[in-house]
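Numbering (full-length UniProt numbering), first residue to last: 1 to 134.
Even for Gly, the Cβ is constructed at its ideal location relative to N, Cα and C.
Given the structure is predicted, the values throughout are model-derived calculations rather than measurements.
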Amino acid sequence: MIMTFAGALLIGCNQIHAAAWQPYSLKIMGYAKKQRILKYDGSNWGNYEEIYENKYFKDTKSTKYKYNHQSRVMVIRYLNKSKSPEVNTKYNYRKLVFHGNKRQPVIQYYYKLGNQKFQFLYTIKYWMFKPIKY
1 MIMTFAGALL
11 IGCNQIHAAA
21 WQPYSLKIMG
31 YAKKQRILKY
41 DGSNWGNYEE
51 IYENKYFKDT
61 KSTKYKYNHQ
71 SRVMVIRYLN
81 KSKSPEVNTK
91 YNYRKLVFHG
101 NKRQPVIQYY
111 YKLGNQKFQF
121 LYTIKYWMFK
131 PIKY
C-alpha cells in the first residue's frame, strides 16, 4: 500500500510540473537548416502574417508555454495588450503540434485570438542542425 501511495504521489507531482507555465524563448525550438511548407490555409495565414503576428503575438518576458509529452502539443500564451472589443481577453494562444522524429520534425501551427476557436495556420517540415527535445 505504501508503494502505491508513493507512486501516486510521484505521478501527481509530475502532472503539476507539466501543467505549470514555463518562460518561452525562440532558442528552445533550436535552429533549422531548411524548411518546407507542406500545407497552409490561405485566409488564416494571410490575416496572421499581415495583422495578428505583429500586433497580438509578440515574444516578451511575459510569454509562457506548456508542453504535453504524451500528445506532443505545445501551447504558447501571449499577454494581450490590445483592448479592442473583438479581442477582449487577457491572453492569446498559439498551439504547436509536433509529428515525426526530433531531427526532422513536422509541426502544425494554430492560433487562438480572443474567445475564438483555434484556427489552423500551416504545417511545416524542418531539417534541424541538432535534434529538438520536443
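About 6 Å separates the CB atoms of Asn92 and Phe57; that is less than 8 Å, so the two are in contact. Boundaries of the alpha helix (DSSP H) around Trp45: 42 to 47.
Annotation: the stretch 42 to 120 contains the following complete segments of the alpha helix (DSSP H) (minimum length 4 residues), in chain order: 42 to 47, 53 to 56.
In the three-state reduction of the DSSP assignment, Lys125 falls in the strand class, which pools E and B.
In this structure, Met128 is the residue among Lys133, Gly30, Leu26, Met128 with its C-alpha nearest to the C-alpha of Arg36. Straight-line measurement puts the Cα of Trp21 at about 14 Å from the Cα of Arg94.
A check of alpha carbon separations from His69 across Tyr111, Leu38, Gly42, Lys102 identifies Lys102 as the nearest. By the criterion of a C-beta distance shorter than 7 Å, Ser62 is surrounded in its chain by Leu79, once the five residues flanking it on both sides are discounted.
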